[in-house]
Amino acid sequence: MESKKNAICKFLRARNPYGMMEGGEQPWLLLDDANTICWCINSAGGVGPDNGLVSTSGCREGRSCFVSDEL
Amino acid sequence: MDTRKEKLPYGIPGHNLSEIERDIPVNEPPAWPVNKDLNLIGKRVKRIDALDKVTGKAKYTSDLKLPGMLYAKMLRSTVPHAVISSIDISKAKQLKGVHAIHLIQNEEKDGEENENGKYPMVKYVGQPIGGIAAESLAIAKDALALITVKYEEKPFVIDLGSAMLKDAPIVFKQPIKQQEDGGDVGETHDGSKGEGNVRGPSTSSFFGGPRGDLEVGFQDADVIVENTYRTQVHTHMPLETHGVVVDWRPDMMTVYASTQNTAAVRNEMASIFGLPKSKVRVICEFMGGGFGAKHSAGSFGPMAANLAKKTGRPVWLMLDRQEEHIAEGNRPNSVQFLKIGAKKDGTLTAIQQRSHGTAGVGLGAGVGRIAQILYACPNFATEQYDVLTNAGPGAAWRAPGNVQGAFGLEQAIDELAEKLDVDPLAYRDIIDKSEVRKVERERGAKLFDWSRRKAPGSGEGVIKKGLGVGQSTWPRFVTLDSSVEVKVHRGGGVEIRSSVQDIGTGTKTVLAQVVAEELGLEVEQVTVNIGDTFFPVGPGSGGSVVTGSITPPARNAAFEAKKELLKLVAKKWETDSSNLSMKNGEVFNDKDASQKMSFKEATGLMRTSQISKVESRSDDYGGFQQPWGLAYGDLGSVQFAEVSVNTDTGFVKVDRIVAAHSCGRPLNIGQLESQINGGVIQGVSYALYENRVMDNSTGHMMNANVDQYKTPFSMEIPQIDTLIVEEYNARSSTDAYGIGEPANIATAAAIANAVYNAIGVRIYEIPITPASILTALNKV
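From first to last, the protein sequence lines are chains Y and R. One gets our numbering by counting positions in the first sequence from 1 and adding 2 to each. One gets our numbering by counting positions in the second sequence from 1 and adding 7 to each.
Now the structure itself:
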């Protein structure tokens, strides 16, 4: 489970199956990896702006399209 | 002390009802008694917006017409995998009535050519490429036809099986590498690494990871069942499609949205456009249904906003039915291997599950939770793999993963019972530790008359009857971002405000009931204004969280407002406010029968124009299993299915479903029945009809309409009898939970078990079609 702020791109949303984190303060919180739809709100899809897979493990600092939550 | 001792109802009336003492926050209202002693709660209260809905007065997002509003249409890819080399919009721009065209482009860094090209790479048919705003929808559609997109097409893969092959076209530019792209680190079942288009396995979640030792468990087993179950891709079909109207003024972006989550749409639009949340307002007054895919702004929200920004005019952008099918989410398919072992006495010794499923270009196709949670078993392990394909992305779909998982698990449990020579319902009594499902089985079996069930395939004649059962569990979730304002106006009006939306389930009505019950008023005396992010934040409508999250703060806010009002009355009567109560629209002095006044008179004592109280969801009494709001217990359900199978034509008719459910303290019986009816109908549709059919040679969905994408019509909907088990958990001031997800989980499994009971041959794949029945019976 991931909850550390700034470690994950600000545009990532983990659309978890339990309907509770969207709108919350940790929209990327990964409750159940197997059931979670990962979505980039910048590219509006499961494919990132760099054409790569959107995932909580992939959308991190170092990726070309990464944007820090602090910005 | 911040807490006080309070005794609350606990257990199931007619079974084990008692009281339990809990420490509760000192400012919480006193415990409500059980429903039979309440005036409005647990009763059949008519929806407060029923008249508006049936007369057409209710305005949905798609009905909006703002001054100067433009209509938008999205440009979508027509190929499944390609690099876009150019887009020619020159002819479209010149069409009279076209006001703006927005193309989705990769951001360029200063002085650098974007290595990803000018446009995003296309990865499925239907992927958004751009949008057009015009004076009418017809003009926007005409303009779309004038745009030329040149593609450099790339190899693609559509179906799950082909995508898993070692030499399959790769959906993303790099093959998936397990450790980098999620899932747990470990080797797959066949020793290979997750790679290519296969991601995973996921082996654990916050519900836990593997437990025990599978090998030992299967060695201990006297009986083993081992099979593979398959489910289809299921697309979303809400009556109102996805969409928004965006009105972006210099000082505020207002988004009218058909959404399950006003707060999430607000937050997303603020993030995307770099606006403070306070400068984005999202409104959803009426909503035409959503089953998990409407939690966000999607791609259409930013598109409408970009077009509004370019034109300076409000933009209406609602998707059509084809777009819904191909691009706005679906329930992923699954291929589930299940191996379950049990001792002679029925005790489960091991459950092994392995699943592959595709959510297209997205993740989230796992199905493992229900096999992990539903029955106690010391040895359990799951491996869940996502298989990426060039198809539209998955989205949450009413109990994600659990509906697929229940279809496999609940058939395997029936198969195990048969091997043990035990009635399948009686077998669940042996292995299921849930007290509420035990009561549901008892009461449901009586209503359904389970004793009619005969041996599988033993019926006479062409049309064979079958009875089956399926069970489910759903966690109790609470969203702490759940707040309500209750206003009491001088002159007697009462108003509720929250950003929580009513997606058609009746949230407005239960909020009115809760506040009216607390204030001793009629429901009609309470005005509910929700679905607006200018009001206190409310939860998203997903995961069955709304009722359990938003009704306690509603009651608590009403309680606080009542206390303030009663102090004014007490001052006038020169007594203590603790002696006063409110009932039937009046304020009483419990110690002096001569002292009473109407609620309206009482509000006349206010020195200000209103009493306003805002309360937020507190922790459950006794806390949560997880700090962010996983409550104790589960929302258990048991559904019984009766089917008729024509063994000449293969046609299956579901005659009757008995749906026994729990959701804590029931608040509105009529609305609960309505939600359960909807869940069951969707379950019937999933079991027998709905199925996304793809053309593997072009990547197009072949039945992206409401004609060939089959859903049940009225004559195909069975008799549905609901049985609601009142269950008190003593966890909040309303002690209520939702029913959205549980109503849908067990239906397909119960129908599959009933079909087996009818024909004596088990069907391992849904939808169960006439062809699959005839094939199973060796008639074709």
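Idealized CB from N, CA, C, for every residue including glycine. This one's a predicted model, so the numbers in the text were calculated from it and none came from an experiment.
query                                                                                                                                                                                       : result
Using a Cβ distance threshold of 8 Å, determine whether the region 402-418 of chain R contacts the region 54-62 of chain Y, with at least three qualifying pairs required.                  : no
With distances taken from CA atoms, which of R/16, R/46 and R/18 is nearest residue 530 of chain R?                                                                                         : R/46
Between residue 198 of chain R and the rest of its own chain, which residues show a CB-CB distance below 6 Å, the 5 nearest in sequence each way excluded?                                  : Any reading at residue 198 of chain R must be qualified, since the residue scores a pLDDT of 49, below 50, and its modelled position is unreliable; the value itself is stated next. The answer is none, since no qualifying residue turns up.
Which residues of the region 29-54 of chain Y have a Cβ closer than 8 Å to any Cβ of chain R? Give them in chain order.                                                                     : 29, 31, 33, 34, 35, 36, 37, 38, 39, 40, 41, 43, 44, 45, 46, 47, 48, 49, 51, 52, 53 and 54
Relative to chain Y, which residues along the region 126-158 of chain R have a C-beta separation below 8 Å, given in chain order?                                                           : 127, 128, 130, 134 and 135
Take residue 514 of chain R and list the residues in its own chain whose beta-carbon comes closer than 8 Å to its own, dropping the five residues that flank it on each side.               : 507, 508, 537, 548, 553, 554 and 557
Determine whether the beta carbon atoms of residue 518 of chain R and residue 40 of chain Y lie at a separation below 8 Å.                                                                  : no
Just to confirm the assignment, what range does the alpha helix (DSSP H) spanning residue 442 of chain R have?                                                                              : 442-455
How far does the alpha helix (DSSP H) with residue 109 of chain R in it extend, from its first residue to its last?                                                                         : Careful: residue 109 of chain R lies outside any alpha helix (DSSP H), inside the beta strand (DSSP E) at 105-110.
Determine which residues of the region 292-304 of chain R have a Cβ less than 8 Å from any Cβ of chain Y, and write them out in chain order.                                                : 299, 302, 303 and 304
Between the region 403-418 of chain R and chain Y, which residues of the former have CB atoms less than 7 Å from a CB of the latter, in chain order?                                        : 403, 407 and 408
Within the continuous beta strand (DSSP E) that includes residue 650 of chain R, where are the two ends?                                                                                    : 644-653
First and last residue of the alpha helix (DSSP H) that includes residue 637 of chain R?                                                                                                    : Where residue 637 of chain R is concerned, there is no enclosing alpha helix (DSSP H), although the beta strand (DSSP E) it sits in stretches over 637-641.
What alpha helix (DSSP H) runs, 4 residues minimum, are completely inside the region 339-404 of chain R?                                                                                    : 376-380
On the premise that residue 753 of chain R lies in contact with residue 477 of chain R, defined as a C-beta separation below 8 Å, what is that separation, rounded to the nearest angstrom? : 4 Å
Between which residues of its own chain and residue 19 of chain Y is the CB-CB distance below 7 Å, once the five residues before and five after are set aside?                              : 34, 37 and 38
For residue 325 of chain R and residue 248 of chain R, what's the separation of their Cα atoms in angstroms?                                                                                : 7 Å
Which chain C residues are close to residue 376 of chain R, counting only those with a beta carbon under 9 Å from its beta carbon?                                                          : Checking the listed chains, one finds no chain C in this structure; the protein chains it contains are Y and R.
Quick check on the DSSP output: the beta strand (DSSP E) that includes residue 271 of chain R runs from which residue to which?                                                             : Run containing residue 271 of chain R: none in the beta strand (DSSP E); it sits in the alpha helix (DSSP H), 269-280.
Is residue 25 of chain Y close to chain R, meaning its C-beta is less than 8 Å from at least one C-beta of that chain?                                                                      : In this predicted model, residue 25 of chain Y has a pLDDT of only 43, less than 50, meaning its place in the structure is not dependable; the value taken from the coordinates is given anyway. Residue 25 of chain Y counts as touching chain R.
Strictly by DSSP, which residues pair up with residue 668 of chain R?                                                                                                                       : R/644 and R/731
Does the separation of the CB atoms of residue 348 of chain R and residue 393 of chain R fall below 8 Å?                                                                                    : no
Can you check whether the CB of residue 758 of chain R is closer than 8 Å to the CB of residue 668 of chain R?                                                                              : no
DSSP has residue 166 of chain R in a bridge; who is on the other side?                                                                                                                      : For residue 166 of chain R, which the question treats as bridged, DSSP gives no partner whatsoever.
For a cutoff of 8 Å on Cβ pairs, would you count residue 13 of chain Y as touching chain R?                                                                                                 : yes
Are residue 375 of chain R and residue 398 of chain R close, meaning C-beta to C-beta below 8 Å?                                                                                            : no
In chain order, what residues of the region 54-72 of chain Y put their CB closer than 7 Å to some CB of chain R?                                                                            : 54, 55, 57, 58, 59 and 60
Is the region 671-679 of chain R touching the region 694-708 of chain R, taking contact as three or more C-beta pairs under 8 Å?                                                            : no
In terms of DSSP beta bridges, what is residue 259 of chain R paired with?                                                                                                                  : R/256
Based on DSSP bridge pairs, tell me the residues matched to residue 482 of chain R.                                                                                                         : R/641
Please confirm if the region 437-450 of chain R is in contact with the region 722-734 of chain R, defined as three or more CB-CB distances below 8 Å between the two stretches.             : yes
Against chain Y, does residue 179 of chain R count as a neighbour if the rule is that its beta carbon must be under 8 Å from one of theirs?                                                 : yes
I need the DSSP call for residue 66 of chain R, collapsed to helix, strand or coil.                                                                                                         : coil
For residue 259 of chain R, does the count of other Cβ atoms within 10 angstroms reach 16, so buried, or fall short, so exposed?                                                            : exposed
Kindly give me the distance between the Cβ atoms of residue 697 of chain R and residue 620 of chain R, rounded to whole angstroms, as I take these residues to be in contact under 8 Å.     : Not really, about 45 Å apart at Cβ, beyond 8 Å.
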